[in-house]
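Asker: Please see the structure below; I have some questions.
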Amino acid sequence: VHSCGIFAQLLALGDFPPHVKPMVFCWPGGQLFGYTWAQASSENPAVADSFGEYVAHLAAAGFTKVHILAHSMGVRVWFRALARNPHMFTDLGAAVVGPGATAGSKGGPKLRLESCLLMHAEYPLRR
């Protein structure tokens, strides 16, 4: 809830153009139950699959491009979702040919990932 308030403040003060459509993907993070529960929740395959479905619905609704901002445990959701659905977005260099569609896309329209910002990433580094 706190992060949504901060996000709302950013949008209110940011003077974003009308074509920017901010959206939030949330899942039960478990602030009351502590770090271990929040970590397990963010790594739940159902949460990753839900994020993939969310992205597919955005593409089906006609969106063509997306910028991702993931914070803390959201980074775990992000990487888990990418691992479970590596073709969630168009390939780099693919031309967008219509609302939500890409040239040669299979399995329905896909979004083009324009940028990804990982803030205070709660994700282990490989050693």
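Here this note's numbering = 1-based position in the sequence shown + 23. Glycine residues also receive a C-beta, built at the ideal position from the N, C-alpha and C atoms.
(1) Would Ala5 be called buried (16 or more neighbouring beta carbons within 10 Å of its own) or exposed?
(2) How is Val47 classed by DSSP in three states: helix, strand or coil?
(3) Can you find at least 3 beta carbon pairs, one from the region 81-93 and one from the region 57-64, that sit closer than 8 Å?
(4) Taking the straight line between their C-alpha atoms, what separation do you get for Gly127 and Leu134?
(5) Do Met46 and Val78 have their C-beta atoms within less than 7 Å of each other?
(6) Kindly list the residues whose CB is nearer than 8 Å to the CB of Ser138, restricted to its own chain and excluding five residues on each side of it in sequence; keep chain order.
(7) Can you list, in chain order, the residues of its chain with a C-beta nearer than 7 Å to that of Ala71? Leave out the 5 residues immediately preceding and following it.
(8) Please say whether Val98 and Tyr58 have beta carbons closer to each other than 7 Å?
(9) Which residues bound the beta strand (DSSP E) around Arg135?
(10) Would you list, in sequence order, the uninterrupted alpha helix (DSSP H) runs of no fewer than 4 residues that lie entirely inside the region 47-96?
(11) Out of Cys27, Ala83, Pro109, Ala35, state which residue places its alpha-carbon closest to the alpha-carbon of Cys49.
Answerer: Straight from the coordinates:
(1) There is no way to answer for residue 5, as the model of the chain reaches only from 24 to 150.
(2) coil
(3) no
(4) In this predicted model, Gly127 has a pLDDT of only 41, less than 50, meaning its place in the structure is not dependable; the value taken from the coordinates is given anyway. Each residue's Cα considered, the two are about 13 Å apart.
(5) no
(6) His90, Ile91
(7) Val100, Arg103, Ala104, Arg107
(8) no
(9) 135-142
(10) 58-65, 68-83
(11) Cys27
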